[in-house]
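The structure appears right after this line, and notes come after that.
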Amino acid sequence: MAMGNLRKIRILVAKPGLDGHDRGARIVARAFRDAGFEVIYTGLHQTPEQIVNAAVQEDVDLIGLSSLAAAHLFLFQRVIDLLKAQGAEDIQVIGGGIIPEKDIDKLKAIGVKEVFLPGTSLGAIVKWVKDHVVPGGPSED
Amino acid sequence: MSKLYREKALARVSDARNDWRQGYDDRMASAPGKKESYATVSGKEIAPLYTPCEIPDVDYLEHLNFPGQFPYTRGVQTSMYRGRPWTMRMFAGLGSAEETNERFHYLVEHGQTGLSTAFDMPTLMGYDTAEPKARGECGKCGVAVDTLKDMEILFQGLPLDRLTTSMTINPPAAVIWAMYIAMAEKQGIPRAALGGTIQNDMLKEFIAQKTFMCPPEPSMRLIVDTIAYGTEEVPRWNPVSISGYHIREAGATAVQELAFTLADGIAYVEAALERGLDVDRFAPRLSFFFNSHIDFFEEIAKFRAARRMWAHIMKTRFRAKSERSLWLRFHTQTAGCSLTARQPFNNIVRTAVEALAAVLGGTQSLHTNSFDEVLAIPTEEAATVALRTQQILAEETGVGNTIDPLGGAYFMEALTEEMEAEAYDYIKKIDEMGGMLNAIEKNYPQMEIAEAAYAFQRQVDEGRRIMVGVNKYAVEEDIPVDIYHADDALEEQQIARTDRVKNDRDESRVRSGLAKLREACEGGTNVMPELIECATAYATLQEMCDVFREVFGTYTDPGTF
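Listed in order, the protein sequences are those of chains A and B.
Quick note: to get my numbering, add 2 to the position in the first sequence (first position is 1).
Quick note: to get my numbering, add 56 to the position in the second sequence (first position is 1).
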């Protein structure tokens, strides 16, 4: 854990896959920015490879994945696998969107730290980040 | 002149209104249920009471007139629902072509009167199921169509000369339409007999829904190709459904939805005129698609304002002569974004209210969302409740017995005028930017919507905007509904089917078809005949779309927030 590190929490907000529903992702990105985090938004239609590369390059602490087109199990798994393959497991992954409750345990089992469903307040997501993410990127060594 | 109120009468009402207002203010000063604001879901403040004083200039024949008469504020048809109820058109698409075909048959057997097709994400983006970028998405939020084969299965046994079909498809709209025409002709139905709609509205994709393929300019060219082709060859088809629905779902206010949709319509008309098409040949087939959100009166006013504005725009700006060119005919879908994952059965009530607004607003067709749509693709049971909601409105409530029942209500007319004026301000701003294509390049509508969406979400978070079951009356709950899950084996089956189709087809016919398509793209002749030939030869969706991508280039999301 990086002690005495004054750097801000850095977050990559990402839209994996072909899904174009970006209202939620863009609102959450704004809320993160307003909360004082540094935010990078990938834009739409990103492959898991592009997302993980961006996360490593941008030295982020957290990836927030948004999915509203039902491909979350496949795509989130790919992101987690690729993070491992790149030795970047210390980048935490959270998700949100239209995700059936019964998939949440599956996502948590593969390493997604938290899943936020429709109806979650922005405040609750920001609080989760403050409680669980310590600024200090994967390349701090 | 047919003004509703004489000046002297208005003055007397105004005096009396001031007296009433005094009493109202006194009463409200200590009212226990007084709220900080009485704003619509779009943030528009609503007055406590509307009177003739708020609509002093309404001229009956000029501003309202009769149904079927300019400016069509009260409806585009003379007899509206007395002559024919609205078309109940439920959007459906799930899993395989076989599964969706089954759902279509089910809905038609239950009294649905038009088909509406939801495609999966790869199809919407112009990719075959086997494309690496598309893996994991087959059949998840709609049906996969890779080739004509899938189209044949999708519409098997359905009387396409009698049912109209709407297809929600945008970047590859011309390709999917070509497949539909090829499929129907193989069944022996001539293209001239086909009725239906392709959404084919790329401007709102760049603004809101965000399925892209090629950049805006060539996208417009493909759309004009379909308009030109439809006008000549498929005269009962609506080649573009100019859509506010997705603009609203992305977080726009009602006025933004109204303004950006009509501005998109203006851009399509201008592009078709530039091609040299005659406005009165193509404009009658332009159709619209709006959202019906939860704020009841605001939505009804929006629909009425939209009709009046489009009629004026077509008549004065584009000098259309034919009456049909002036008609704003529209489909409505209730607002997906108004539904909640919490206490999902409440969504049935929300949807019923929104559907009623669409009907009182004079919609031509309607999709009612299923209560589980916020969780997953609707189950058959949930889709049935949604269809029954429309049938109850049409056949039990009597709301269609009289035309435009809210016409003339002080509040309704004032709100209609106000929204119209605000929407014209937006259109003026977009005109000053050089039209919608330029506005999109400047990210203008995208950022206006992002601001509105963020403002709305903060209101919800702060409890200033109530969503029942979410930020008020929330309870701990297990969501007690069955949810549809697409079968994961489907992807492999779909890839195998397309492989078989490719093995069995006449490869040289496909190659020469694709080469001719490329020539049409490069040379500027209409792509539709070549697409129909390619589709008939079982070229895949992606093979055709790749030609577009290679010739026209691709568009990537600017990623602003």
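Think of the CB as a built atom: it goes at the ideal place given N, C-alpha and C, for glycine as much as any other residue.
Own chain, CB closer than 8 Å to residue i, minus 5 neighbours either side, in chain order
| i | result |
| --- | --- |
| Leu70 of chain A | Asp21, His23, Gly26, Gly99, Ile100 |
| Leu66 of chain B | Pro108, Cys109, Pro112 |
| Met146 of chain B | Leu163, Gln168, Ser172, His423, Thr424, Ala439, Ala442, Leu443 |
Contacting residues, own chain, Cβ-Cβ under 6 Å from residue i (five flanking each side not counted)
| i | result |
| --- | --- |
| Ile283 of chain B | Pro295, Ala328, Phe338 |
| Ser275 of chain B | Met258 |
| Arg364 of chain B | Pro127, Thr129 |
| Thr390 of chain B | Ser348, Thr407, Glu410, Ala411, Thr424, Asn425 |
| Leu64 of chain A | Ile13, Gln94, Val135 |
| Ser58 of chain B | Asp115, Tyr116, Leu117 |
| Gly124 of chain B | Gln133, Thr134 |
| Leu84 of chain A | Pro50, Val54 |
| Ile551 of chain B | Thr185, Ala186 |
| Arg565 of chain B | Ala593 |
| Ala8 of chain B | Since the first residue shown for chain B is 57 and the last is 617, residue 8 of chain B is missing from the structure and cannot be characterised. |
| Arg138 of chain B | none |
Neighbour flag for residue i against chain A, beta carbons, 7 Å
| i | result |
| --- | --- |
| Asp184 of chain B | no |
| Val455 of chain B | no |
| Val526 of chain B | yes |
| Ala545 of chain B | no |
| Ala506 of chain B | yes |
7 Å Cβ cutoff, residue i in contact with chain B
| i | result |
| --- | --- |
| Trp130 of chain A | no |
| Arg32 of chain A | yes |
| Gly121 of chain A | yes |
| Phe118 of chain A | no |
DSSP-derived helix/strand/coil call for residue i
| i | result |
| --- | --- |
| Glu142 of chain A | Summary for Glu142 of chain A: the model assigns pLDDT 42, below 50, so the residue's position carries little reliability; its value from the coordinates is reported in the next sentence. Coil, per DSSP. |
| Met57 of chain B | coil |
| Ala16 of chain A | strand |
| Ala306 of chain B | coil |
| Asp534 of chain B | coil |
| Phe344 of chain B | strand |
| Gln94 of chain A | strand |
| His119 of chain B | helix |
| Trp383 of chain B | coil |
| Tyr2 of chain A | Because chain A spans 3 through 143 in this model, residue 2 of chain A falls outside it and cannot be assessed. |
| Gly252 of chain B | strand |
| Thr440 of chain B | helix |
| Ala4 of chain A | Only weak support exists for where Ala4 of chain A lies, its pLDDT of 46 falling under 50; the coordinates are left without a value. |
| Ile65 of chain A | strand |
| Ala67 of chain B | helix |
| Asp145 of chain B | Residue identity check: residue 145 of chain B is Arg in the sequence provided, not Asp. Arg145 of chain B falls in the strand class under three-state DSSP. |
| Ile551 of chain B | helix |
Within chain B, the residues that residue i reaches when beta carbons sit closer than 8 Å
| i | result |
| --- | --- |
| Leu149 of chain A | Absent from the structure is residue 149 of chain A, since the part of chain A shown begins at 3 and ends at 143. |
| Leu77 of chain A | Gly192 |
| Ala71 of chain A | Met177, Glu193, Lys196, Cys197 |
Listed by chain order, chain A residues near residue i by CB distance under 8 Å
| i | result |
| --- | --- |
| Asp517 of chain B | Ser123, Leu124, Gly125 |
| Gly307 of chain B | Arg25, Ile29 |
| Gly656 of chain B | Outside the shown range of chain B (57 to 617) lies residue 656 of chain B, about which nothing can therefore be said. |
| Leu431 of chain B | Ile100, Pro102 |
| Ala542 of chain B | Ala72 |
Amino acids of chain A, ordered along the chain, whose beta-carbon sits closer than 7 Å to that of residue i
| i | result |
| --- | --- |
| Gln513 of chain B | Ile29, Leu124 |
| Tyr510 of chain B | Ile29, Arg32 |
Residues of its chain near residue i, where Cβ-Cβ distance is below 7 Å and the 5 sequence neighbours each way are ignored
| i | result |
| --- | --- |
| Arg574 of chain B | Val603, Val607 |
| Ser381 of chain B | Val335, Asp336, Ala339, Pro340, Met370 |
| Ile486 of chain B | Ala319, Met492, Ala495 |
| Gln446 of chain B | Met144, Ala411, Leu422, Thr424 |
| Phe160 of chain B | Ala148, Leu171, Leu214 |
| Asp562 of chain B | Ala593 |
Nearest to residue i (by Cα), restricted to the options the options
| i | options | result |
| --- | --- | --- |
| Gln88 of chain A | A:Ser123, A:Asn55, A:Glu60, A:Gly113 | A:Asn55 |
| Gly463 of chain B | B:Tyr94, B:Thr96, B:Arg567, B:Ala361 | B:Ala361 |
| Met475 of chain B | B:Thr96, B:Arg375, B:Phe374 | B:Thr96 |
| Arg520 of chain B | B:Ser93, B:Glu154, B:Glu478, B:Trp142 | B:Ser93 |
| Ile209 of chain B | B:Tyr236, B:Lys528, B:Ile263 | B:Tyr236 |
| Leu471 of chain B | B:Glu355, B:Gln515, B:Asp562 | B:Glu355 |
| Phe617 of chain B | A:Leu46, A:Ile11, A:Lys10, A:Leu8 | A:Leu46 |
| Asp481 of chain B | B:Gln515, B:Glu379, B:Tyr106, B:Val311 | B:Val311 |
| Thr596 of chain B | B:Ile232, B:Thr221, B:Asp71, B:Gly198 | B:Ile232 |
| Ser394 of chain B | B:Pro246, B:His302, B:Val69, B:Cys270 | B:His302 |
| Leu60 of chain B | B:Gly99, B:Leu204, B:Leu120 | B:Leu120 |
Short CB-CB distance (under 7 Å) between residue i and chain D
| i | result |
| --- | --- |
| Arg398 of chain B | Included in the structure are the protein chains A and B, with no chain D among them. |
Cross-chain neighbours of residue i in chain A, by beta carbon under 9 Å
| i | result |
| --- | --- |
| Thr612 of chain B | Gly45, Leu46, His47 |
Residue i beta carbon near the ligand SAH (any heavy atom closer than 6 Å)
| i | result |
| --- | --- |
| Thr445 of chain B | Ligands are entirely absent from the displayed structure, and the ligand SAH is therefore not among its contents. |
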